[in-house]
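Residue numbers (the working numbering): 704 to 1142. Here a beta-carbon is modelled for each residue, glycine too, at the ideal position from N, C-alpha and C.
Written out as structure tokens, the structure reads:
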């Protein structure tokens, strides 16, 4: 485990916080341009995601040994302390002494030798004591510190889900989620793909909630697998696969995916359609369309047509269709375990999305044929983005009615016809699905 991984982690964390950057993009950038060993890349990734997940808990513990608190620390010093503290408090394989010593070395190499003594003293104190939490971890403040979320997000989650499910949801937000893939049924089947993956050293098991979905064990970067290059599968969470199952596209139909990038739902829809009919995938930038086109080419999907489109504005060139999917931009609270920096976004900013979400849903409804199906979905668990948008749509569009979404799902965590999926219950991302029928 080299100090290069730790120093790179410190630099990346500073960049993520300074630029409000997405951790997955920063990670990809560093890993693609790095000469670190495989083990160092793994350590680097674990440190980045771990510090982001546990930041509030780390800061609480660090502040116990900093007489002036953490607010006056320079970004590089705070990042070094967080990386060191994470290793001491949340990892078993790294000796505390190594975490302390490497943190001090990092301060010297990153031009903050003036803080080496403080870093050494604070981390040594931390290593002499176990993880500290408030006495009452069921208050908003206690939930905030224990589960490393701002109090305003703790409040939103407890009010939306109830305290028990909010805590279950937050507990599931730590650690790396499993890799889930969708079998490309246009080229193979689940049994054959499981055998091929086994030959590639990957164990795969079928998921109960949706057919042709596999969870991989110890997969690493699946893009390096021959079966991936051969287009035998695409990576897609169970929640997104269930969304397409609710849409239920059939061969020969015309189907629209209004906010398609990176394309997973369109790819799965094409498989439901057996490659027959017309499938239109829209998004608002060429870069996003490029992701869809690249995936469709690898999977050899022949009936998918990509086009630029602003889903919030009516486009008369888009055909009336049997099935329309709008998976709208949202707060992303359902994917905290994949994008841990989302937990620190201001809750007050979420409200800026509500009108856009409704506009996309309302505009998408204009393309639905009589008796056709419209799906509104998000990867958040915030009712204001989910249930409230869906209910407003029903009030203002009496020509549509709701239909119960996937009633076979064991526990529907939302009232009425709508479905909210939760990671600690359904083993997938937090996700919302509503289904409307025209006429």
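| Item | Value |
| --- | --- |
| Residue 1090 - DSSP class collapsed to helix/strand/coil | helix |
| Spatially closest choice to residue 1095 from 1064, 1123 and 1082, by CA coordinates | 1064 |
| First and last residue of the uninterrupted beta strand (DSSP E) at residue 986 | 981–986 |
| Assumed close pair residue 1056, residue 1088 - CB separation to whole angstroms, cut-off 8 Å | 6 Å |
| Between the CA atoms of residue 826 and residue 714 - distance to the nearest angstrom | 19 Å |
| Through-space distance from residue 905 to residue 924, alpha-carbon basis | 11 Å |
| Residue 956 versus residue 980 - alpha carbon distance | 5 Å |
| Candidates 912, 1133 and 1069, of which the one nearest residue 1014 by Cα | 1069 |
| Buried versus exposed, by CB contacts within 10 Å (16 or more), residue 932 | exposed |
| Residue 752 versus 778, 851, 974 and 967, residue with shortest Cα-Cα distance | 851 |
| Boundaries of the beta strand (DSSP E) in which residue 918 is found, first to last residue | 916–920 |
| Between the CA atoms of residue 1141 and residue 1075 - distance to the nearest angstrom | 6 Å |
| Alpha-carbon to alpha-carbon, residue 874 and residue 755 | 15 Å |
| Alpha helix (DSSP H) runs wholly inside the region 784–859, at least 4 long, in chain order | 799–812, 819–831 and 843–850 |
| N-terminal and C-terminal residue of the alpha helix (DSSP H) that residue 968 is part of | 967–975 |
| Segment contact flag, the region 813–827 with the region 843–850, C-beta cutoff 8 Å, min 3 pairs | no |
| Presumed contact (8 Å Cβ cut-off) between residue 1078 and residue 1138, rounded CB distance | 6 Å |
| Own chain partners of residue 803 with C-beta closer than 7 Å, once the 5 adjacent residues on each side are dropped | 787, 823, 826, 827 and 830 |
| Residues that DSSP places opposite residue 885 in a beta bridge | 916 and 937 |
| Residue 1046 classed as buried or exposed, judged by whether at least 16 other C-beta atoms fall within 10 angstroms | buried |
| Same chain, Cβ closer than 6 Å to residue 912, five either side skipped, listed in chain order | 941 |
| Close-in-space but distant-in-sequence residues of the same chain around residue 983 (CB under 6 Å, 5 per side omitted) | 959 and 1008 |
| Whole-angstrom distance between residue 860 and residue 712, CA atom to CA atom | 30 Å |
| 7 Å CB neighbourhood of residue 773 in its chain, flanking five on each side removed | 762, 765, 766 and 781 |
| CA-to-CA distance, residue 790 to residue 1214, given in whole angstroms | What is shown of the chain runs 704 to 1142, which leaves residue 1214 out entirely. |
| Closest Cα partner of residue 1053 within the set 1038, 1032 and 1071 | 1032 |
| Alpha-carbon spacing of residue 704 relative to residue 894, whole angstroms | With a pLDDT of only 41 at residue 704, under the threshold of 50, the placement of this residue in the model should not be trusted, and no figure is reported. |
| Rounded straight-line distance, which links the Cα of residue 1121 to that of residue 1059 | 20 Å |
| Through-space distance from residue 1136 to residue 857, alpha-carbon basis | 23 Å |
| Rounded separation between residue 930 and residue 741 - CA only | 22 Å |
| Rounded Cβ spacing between residue 944 and residue 885 (contact assumed at less than 8 Å) | 6 Å |
| Rounded straight-line distance, which links the Cα of residue 975 to that of residue 951 | 7 Å |
| Opening and closing residue of the alpha helix (DSSP H) in which residue 1000 lies | 989–1002 |
| Three-state class that DSSP yields for residue 1083 in the structure shown | coil |
| Cβ shell of residue 928 (< 6 Å), same chain only, five flanking positions each side left out | 903 |
| Residues bridged to residue 1008 [DSSP beta-bridge criterion] | 983 |
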